[in-house]
Every structure is written in structure tokens, then in C-alpha cells.
Amino acid sequence: MEKTDILSLRLSELEEIILAMGEKKFRAKQIYEWLHLKRVSSFSDMTNISSALQTKLSDKFCINCIKIVKKLESTIDNTVKYLYELSDGNHIECVLMDYKHGDSICISTQVGCKMGCKFCASTIAGFKRNLLPSEMLLQIYEAERESGRKISSIVLMGIGEPLDNYDNVMSFLDIISSKEGTNLSLRHLSLSTCGLVDKINELADRHYGLTLSISLHATNNTARSEIMPVNKTYPIETLIDACRKYIDKTGRRISFEYAVIEGVNDGRDSADELIRLLRGINCHVNLIPVNQIKERDYKSNKNSVRNFQLALEKGGLNATVRRTLGSDINAACGQLRREYEI
Ligand code: SAH
């Protein structure tokens with residue numbers, strides 16, 4: 023019988039199994055704390071659990087682990103990029119960044135990606151599998167352990183499309199924010215999506231305090247479908263409509279990501295179209311100078327990014343340019359894994 027991945031269980035789910043094993047409910051909380059607070063990797067380290075129960079636990083459950091196979095440290099800022107190997111030999115990456123308000127980590131949610139965005143390195147080799155909740159948590163636990171740094175915010179912007187791995191990502195959110203575990207406020211978490219509208223609607227009903235980031239990158243259907251195939255399934259009007267409903271239901275402002283690509287989406291016409299599209303929406307626009315990847319010839323131009331920002335601001339949109347961190351270590355998502363797998 024395959025063992026259950028205990029790190030992927032919410033406390034309520036663990037309690038149910040522990041009760042079914044004929045044990046007292048409070049044991050589940052003790053075990054959960056060992057896993058998510060003390061972060062032990064073996065049942066034998068759970069010293070307030072009898073050795074008989076430790077044996078029962080290790081017969082029924084496994085404690086997943088991930089291994090750092092490469093670590094790159096930026097010499098210009100405190101950015102660290104980890105390449106991890108999962109227990110089945112697949113590779114993912116995450117990036118630890120130093121911000122004024124504390125350390126932030128960008129984690130992966132899938133091995134590869136199905137979404138096919140033209141400018142993104144994560145999607146080029148295709149999709150392998152979804153990450154388990156435990157594998158999302160372990161990116162954080164392992165980075166904290168290795169670096170000795172305390173992570174105060176999380177972004178789901180690494181490899182993969184979080185809303186294409188919806189159930190596992192929801193479990194991850196519940197576990198990382200649980201008060202018996204890491205107790206991270208979801209106000210300190212951003213989830214970025216290319217725009218899976220049905221899942222955005224489902225997420226809105228959960229009323230989480232997280233920041234939803236929408237990867238927009240283009241201002242009309244022709245241009246967006248060209249660089250983001252997902253737009254053919256969920257065109258801009260339906261996406262923006264879902265965003266409006268999301269804001270109404272959650273009371274949270276949305277962040278729109280816009281990778282500025284020279285000659286593709288950085289013209290005055292694009293700025294004007296973006297202003298019209300987002301007018302009246304409680305949002306923030308995050309401009310990302312497109313990161314060059316070796317498979318494509320997209321470039322960004324500092325002046326045109328700045329002019330684009332000024333045009334948006336003049337048009338009444340709240341727009342900032344994302345600071346580039348770890349530029350010397352290829353910190354953009356998917357780049358390290360690609361180098362490693364080829
Ligand atoms: N699948 C999710 C999250 C992963 S990508 C999403 O699409 O939002 C995280 C962000 O990085 C997205 O906004 C994505 O569009 C952007 N991105 C990917 N490749 C990039 C590149 N080469 N340059 C700039 N931004 C990029």
C-alpha cells in the first residue's frame with residue numbers, strides 16, 4: 023500500500039486519519055506541530071509521541087523531502103536561487119529575495135507548465151506534473167533552513183500555473199496559513215495566474231486575503247492570444263469581468279502584471295488601450311521589463327518601460343516598474359531548471 027504524504031494534509035484531514043487509527047485527536051496537533059513548526063524529517067524525532075505510535079505512523083505515512091542540488095547567490099543583492107530535486111527526480115526552482123519589508127520567496131507550483139506563454143522559459147519543455155502541497159511547503163522550509171533567513175512573504179510566481187493545480191494549491195494555502203503551523207497571513211501571499219477564469223471565480227468564493235496577480239501582458243484579444251494561448255479560452259473581456267467580481271467579493275485590489283516587450287506591447291497605443299481596459303478597477307499595474315530567455319528574441323528597453331509607466335500614470339492608473347533582483351543569476355522563473363535539464 024502506498025504511504026500517505028503526511029506533509030500535504032491539513033490539520034483537519036490529519037485529525038480524521040488519526041482518529042480512524044484509534045488514537046486521540048490531540049495527537050494530530052502534536053504531529054502537525056512537529057512537521058510544520060519544528061520541521062522534523064523523521065517520526066523518530068517526535069519525542070512526545072510513544073515509540074509504538076511512531077512505528078504506526080511510519081507504516082502509514084511518509085514525510086516527503088526535497089534536496090537542494092544547486093544554489094546560486096547574487097553578488098549584487100541578497101537574492102538566492104535554489105534548484106531542488108523532488109523525491110521522483112524531477113527538478114523545480116525557487117528564488118529567495120531580500121526586500122525592505124523582509125525576505126520573500128517565489129515558489130513553483132508545477133513541474134513545467136501547460137500554458138504556453140511565448141516569453142516564458144517555464145513552459146518551453148512542456149508540463150510534467152502538479153506539485154503536491156508538501157512540495158510547495160518544502161521549498162519554503164528548506165530555503166529557511168539552508169539560509170537561516172525568516173521568510174515573511176510568499177509569491178506563487180515560479181514554475182507552473184497555480185490555478186491549474188487548484189486543489190493542491192488550496193491545501194498549501196490552508197497549511198501555510200494555519201495557526202498551528204507557520205501561521206503566515208495570506209495578506210503576505212500573492213498568487214499569480216495567466217487567467218483561468220473559472221478558477222478565479224472559485225477562488226473569489228474562498229474570500230482569502232491574498233493578493234491576486236493577473237498576468238495580462240497585452241491589451242486586446244489579438245495581441246494577447248498571440249503571446250498567451252490561454253486567451254483563446256478565456257478572452258480579455260471575460261477575464262476582466264472575473265477580476266471585477268473578484269474585487270467585489272473579496273474587497274481586495276488586484277495586481278496586473280505586464281511584461282513590457284520592445285516593439286510588441288510597449289507603444290503609446292498599448293498604454294492607451296490599457297488605461298481604457300482598467301479604468302475604474304481597483305488595481306495596480308506592475309510593469310516587468312521582459313527577461314530575455316535564450317529561446318526567444320524578446321527584449322525590453324529601459325526608456326520605453328519608463329515612458330509606458332508615465333503614460334499609465336497620466337491616464338490615472340497606479341503603475342510601478344518591478345525592480346530586477348538577481349539579474350546575475352538568471353533569477354527569472356524556469357531559466358535554471360532549463361539549463362539543468364538540457
Ligand atoms: N503561471 C503564472 C505564474 C508563473 S509566471 C502566471 O502566468 O502568472 C510569473 C510571472 O512572470 C507571470 O506574470 C509571467 O507572465 C511572468 N514572466 C514569465 N516569463 C517572463 C519573462 N521572460 N519576462 C518577464 N516576465 C515573465
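At position 253 of the sequence shown (counting the first as 1) the number is 275 in this note's numbering, and the numbers step up by one without a gap. The C-beta atom is built at its ideal place from N, Cα and C for all residues, glycine as well.
In the displayed model, lysine 93 falls within a strand according to three-state DSSP. Between leucine 300 and phenylalanine 278, the C-beta spacing is below 8 Å.
The Cβ-Cβ distance between leucine 29 and alanine 50 does not fall below 8 Å. Residue state for threonine 272 is assigned as helix, using DSSP reduced to three classes. Proximity to lysine 316 across Lys89, Val117, Ala143 peaks at Ala143, based on C-alpha coordinates.
In terms of side-chain proximity, the C-beta atom of serine 212 is found no nearer than 7 Å to any non-hydrogen atom of the ligand SAH. A distance criterion of 7 Å places the beta-carbon of glycine 203 beyond contact range of the ligand SAH, judged by its closest non-hydrogen atom. Looking at the DSSP output, valine 219 sits in no beta bridge, so it has no partner there.
About 23 Å separates the beta carbon of alanine 264 from that of alanine 293, a gap too long to meet the 8 Å contact definition.
Put simply, the segment 130–140 touches the segment 103–114. At least three CB pairs are less than 8 Å apart. For glutamine 314, the secondary structure class from DSSP, reduced to helix, strand or coil, is coil. Taking a 10 Å sphere around the C-beta of serine 73, we find fewer than 16 other C-beta atoms and assign the residue as exposed. Around proline 257, the same chain offers Asn243 as residues with beta carbons nearer than 6 Å, after the five sequence neighbours per side are excluded.
In the structure shown, tyrosine 230 adopts coil according to DSSP, grouped into three states.
Taking a contact as a CB-CB distance under 8 Å, the pair isoleucine 71 and isoleucine 53 counts as one, their CB atoms being some 7 Å apart. Not one heavy atom of the ligand SAH is found less than 7 Å from the C-beta of valine 219. A straight-line Cα-Cα distance of about 9 Å links leucine 238 and threonine 215.
For phenylalanine 194, the three-state secondary structure derived from DSSP is helix. DSSP places cysteine 265 in the helix class (H, G or I) of the three-state scheme.
With fewer than 16 other CB atoms across the displayed protein chains lying within 10 angstroms of its CB, isoleucine 90 is exposed.
Excluding its 5 nearest sequence neighbours in each direction, alanine 165 has C-beta neighbours in its own chain below 8 Å: Val102, Tyr104, Cys116, Leu118, Ile127, Arg171, Ile173, listed in chain order. When the alpha-carbon of cysteine 305 is set against those of Arg266, Ala281, Arg290, Lys324, the nearest one is in Arg266. Ranked by Cα distance from threonine 241, the first of Asn253, Thr233, Arg275 is Asn253. Exclusion of the five residues before and after glutamine 76 leaves Phe65, Ser66, Met68 as the residues of its chain whose Cβ lies within less than 8 Å of its Cβ. For asparagine 253, the secondary structure class from DSSP, reduced to helix, strand or coil, is helix. Closer than 7 Å to some heavy atom of the ligand SAH: that does not describe the Cβ of glutamate 284.
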